[in-house]
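Take a look at the structure set out below.
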Amino acid sequence: MCMELFKRLPPNTAGIDFFVGDIHGHYSELMKALEAIDFKFDKDRLISVGDLIDRGEENERCIELLHEPWFHACLGNHEWMMIGAFVYNDRYDLSLQRGNGGEWLDNHDTEQLTQWAHLLQESCPLAIEVPGKGDRLIGVTHNDVINSDWMRMESAQRGDIDECVWSRTRFASALTNPALAEPIKNIDAVVSGHNSHTGILLAGNQLYIDTLWKSGQLTLLSAMEVLAVAARGKVPV
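If you're matching positions, the sequence shown starts at 1 in our numbering and goes up one per residue.
Here's what the structure looks like:
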């Protein structure tokens, strides 16, 4: 099946859009975080930067979130490994996933794992575009944006996936000197994960929000908060 690599969400006129960092199998932590912000399951939407699976103990429940109408997720490198392993029968991807928090795979038969891998392939685009207030737009992708230009994500090809979900070059540069990071073109803000950090890291107008692994806390931001941080060029203390 051909993957949908770019997805544009319609405006959310009923509720609030929220963005969450890498969940990595921590379903209960996610539910606690949603309760803390009074998430309205019938009105609000949650957009994940990807890496729903591996490392945690509730991977199955995290995958099943993809059936929920309020939940959307980008393709992370951990989803991409599972697709490689069980859709494309790539033994290297299977070994790589097992060595990176994928021990839970051994609890299930190949048929079930293949069904989940197909669900990930069908449900997780490389990039999601979310309309904010007015004409402002928020891009969501697991990690890198092709040529630092959001318009390139609209025409992304399968050959672009590895670079977008694996590369740490932009994050590493921003970690050393965030003031030198150029903004991603043709988008107001980009929300990404993949690169574990103790707090939100801002690189131009790109917010890296993978904080669970190093801080013990999931980062959840509303669309308004994302746009405010990107516009100010500063993460609130």
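Heads up, the beta-carbon is just placed ideally off N, CA and C, and yes, glycines get one too.
| Asked | Found |
| --- | --- |
| Burial state of Met31, where buried means 16 or more other Cβ atoms lie within 10 Å | exposed |
| At least 3 beta-carbon pairs within less than 8 Å: the segment 27 to 43 vs the segment 52 to 67 | yes |
| Of the residues Ala174, His194, Val229 and Leu221, the one placed nearest Ala203, counting alpha carbons only | Ala174 |
| Straight-line gap, Asn143 to Asn195 (C-alpha atoms, nearest Å) | 8 Å |
| Segment contact, 8 Å Cβ cut-off, at least three pairs: the segment 104 to 116 with the segment 84 to 95 | yes |
| Cys74 and Ala156 closer than 8 Å at C-beta | no |
| Per DSSP, the bridge partner or partners of Pro131 | Leu137 |
| For Asp106 and Gly56, the rounded distance between their alpha carbons | 14 Å |
| At least three beta-carbon pairs within less than 8 Å, the segment 154 to 171 to the segment 4 to 15 | yes |
| Delimiting residues of the alpha helix (DSSP H) encompassing Met92 | In the sequence as displayed, the identity of residue 92 is Tyr instead of Met. Residues Arg91 to Arg98. |
| Ala33, buried or exposed, once every other Cβ within 10 Å from all chains shown has been counted against 16 | buried |
| Residues bridged to Ile47 (per DSSP) | Phe19 and His72 |
| CB contact flag (Trp80, Ile209, <8 Å) | no |
| Gln206 burial status per 10 Å Cβ neighbour count (16 or more: buried) | buried |
| Nearest residue (CA-CA) to Phe41, options Ser123, Val49, Gly21 and Ala14 | Ala14 |
| Tyr88, DSSP secondary structure in three states | coil |
| Asp54 vs Gln97 beta-carbon contact at 8 Å | yes |
| Counterpart residues of Val235 in DSSP-defined beta bridges | For Val235, which the question treats as bridged, DSSP gives no partner whatsoever. |
| Rounded C-alpha distance that separates Cys124 from Arg232 | 30 Å |
| Per DSSP, the bridge partner or partners of Tyr27 | BP columns for Tyr27 are empty, so no partner. |
| Span separating the alpha-carbon of Leu180 from that of Asp135 | 27 Å |
| Span of the beta strand (DSSP E) around Lys40 | First-last for Lys40: undefined, no H or E at that position. |
| CA-to-CA distance, Pro11 to Glu225, given in whole angstroms | 17 Å |
| Classification of Val235 by the beta-carbon crowding that lies within 10 angstroms, buried from 16 upward | exposed |
| Delimiting residues of the alpha helix (DSSP H) encompassing Thr8 | According to the sequence shown, residue 8 is Arg rather than Thr. Taken as a continuous stretch (DSSP letters only), Arg8 belongs to no alpha helix (DSSP H), being part of the beta strand (DSSP E) at Phe6 to Arg8. |
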